Amino acid sequence: MVPATGYGLREPVRGIYDEPALTGIEITFEQADDPLSLQRYIGDEREFDYVSVHALKLSVASADPPRRDYMDALLAIARENGAVSVSDHLGFTRAGERGAEMGHFAPPPYTHAALDATCRNIDTVMRHFGYLNFFLENIAYTFRFKAEMEEREFLIRTLQRTGCGWLLDVTNVYANSVNHKYDPYEFIREVMPFAPRVEMHLAGGLFNARLSTYVDSHSEPIPQEVWDLYRYSLEQGRGKVEAVFIERDANFPDETGWRSEVRTAREIALEVEART
């Protein structure tokens, strides 16, 4: 199975709707013009093989349940745009059901209590979305709470208990491997068998020399290290990778740059499939 390949939808992507390698699109919910109102965000210019809606504020790792009005709005946007899946991050963005938004993702404490809360919230989300597949994204982080298990064990147990899909952010795995000194290939090899279905994110980041930290900035071309890890991820996930989305949020390239990266993503996917 060759996954759909595409971008997280940004305005310049509309300029390459004629690109054959662009077979999927991901709508970032918070970046829609008015995300809490019903609209067809991708437009009527063309049809895509795969449409997903990417959320930022379900906060599934919070102790409290996701907001129902937020889930209702997500579901409406997904239906209006013909989406087959919804995704969000393995982290929390608020404390308390009506708590203030933090403005960024924080990793959960990798404890049994946090695991129970996360799985309970994902079960709520999956029941609410019904026919839509839900994918959980691994996040990049610079700090960790005191833990009872490693991130990969927490993720594996979450996938096992909920049956949700894995949104494998390849760049986040790479960033964490640089910042926390682990083998990214081993991480993917150990988690992949427990994911029933997979989507992927690719992006380019930058290294902050002052902080000695790799930052998942979505502002640079995808580096070769991430392309290599992407190829390996496709090999490990043969038969269950449904879509691959490239994220770019700053320093937008010219049209050639937009076309080049999605073509590379497509070509690698075709090469991996041809070897099976």
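Each number in the working numbering corresponds to the 1-based position in the sequence shown with 442 added. In this text, a Cβ means the ideal position worked out from N, Cα and C, and glycines have one as well. These numbers come from a predicted model, not from an experiment.
Let me know the secondary structure DSSP gives M443 once reduced to three states. In the structure shown, M443 falls within a coil segment according to DSSP collapsed to helix, strand and coil.
DSSP-derived helix/strand/coil call for F534: Strand, per DSSP.
Candidates Q602, G448, A505 and V495: closest to E522 by CA position: Selected option, being the one with the closest Cα: V495.
DSSP three-state assignment for S479, whether helix, strand or coil: With a pLDDT of 49 at S479, under the threshold of 50, the predicted position of this residue should be treated as unreliable, and no value is reported.
Out of A555, P551, E593 and R562, which has the shortest C-alpha to C-alpha gap to F587? Nearest Cα to F587 within the set A555, P551, E593 and R562: P551.
Determine, using beta carbons only, whether W700 and V455 come nearer to each other than 8 Å. Yes, these two residues count as a Cβ contact at 8 Å.
Out of V502, R652 and Y627, which one is the CA nearest neighbour of L578? If we check each option's Cα against that of L578, V502 comes out closest.
Report the start-end ranges of each alpha helix (DSSP H) in the stretch 637-683 that is 4 residues or longer and not cut off at the edges. Whole alpha helix (DSSP H) segments, 4+ residues: 666-678.
Taking the alpha-carbon positions, what's the Y573 to V526 distance? Each residue's Cα considered, the two are about 8 Å apart.
Check whether F576 and G607 have beta carbons under 8 Å apart: Contact: yes.
Reduced DSSP category for N618 - H, G, I as helix; E, B as strand; rest coil: Three-state result, N618: helix.
Have a look at A555 and E592 and give me their C-alpha separation to the nearest angstrom. So the alpha carbons of these two residues sit roughly 14 Å apart.
Considering just the uninterrupted stretch of the beta strand (DSSP E) at L578, what are its terminal residues? Here the beta strand (DSSP E) through L578 covers N575 to E579.
Grab me the residues of L597's own chain with a C-beta within less than 7 Å of its C-beta, minus the 5 sequence neighbours each way, in chain order. These residues qualify, in order along the chain: L532, N580 and V633.
Assuming V714 and E677 form a contact by the criterion Cβ under 8 Å, report the distance between their Cβ atoms to the nearest whole angstrom. The pair is a contact, with the Cβ atoms about 6 Å apart (cut-off 8 Å).
Residues of its chain near C561, where Cβ-Cβ distance is below 7 Å and the 5 sequence neighbours each way are ignored: Cβ within range, chain order: T600, R603 and T604.
Kindly indicate which residue of I469, V668, F490 and S661 has the alpha-carbon position closest to the one of I519. Ranked by how close their Cα comes to the Cα of I519, the residues I469, V668, F490 and S661 have I469 in first place.
Just tell me which of A617, R708, L500 and L557 has its CA closest to the CA of L648. Comparing Cα positions, the closest option is A617.
Contacts around D491, its chain only, beta-carbon distance under 8 Å, and the 5 residues preceding and following it disregarded: Scanning its chain for C-beta atoms nearer than 8 Å, with the 5 sequence neighbours on each side dropped, one finds around D491 the residues A446, T465 and G466, in chain order.
Which value, in whole angstroms, describes the spacing of the CA atoms of N563 and D511? Take the alpha-carbon of N563 and the one of D511: they are about 15 Å apart.
Per DSSP, what are the beta-bridge partners of I688 in this structure? Answer is Y449 and L644.
Host alpha helix (DSSP H) of L516 (start-end): Where L516 is concerned, the enclosing alpha helix (DSSP H) stretches over R510 to E522.
Since F687 contacts H643 with CB under 8 Å, what's their CB separation in whole angstroms? That pair is a contact at about 6 Å.
Enclosing beta strand (DSSP E) for D611 [first to last residue]: According to the DSSP assignment, D611 belongs to the beta strand (DSSP E) that extends over G607 to D611.
What is the residue span of the alpha helix (DSSP H) that I467 lies within? Where I467 is concerned, there is no enclosing alpha helix (DSSP H), although the beta strand (DSSP E) around it starts and stops at G466 to T470.
Should Y583 and V620 be called a contact, given that it needs their Cβ atoms to be closer than 8 Å? Contact flag unset, no.
From this set, A515, D530 and D658, which residue's C-alpha is nearest S504's C-alpha? Among A515, D530 and D658, the Cα nearest to that of S504 belongs to D530.
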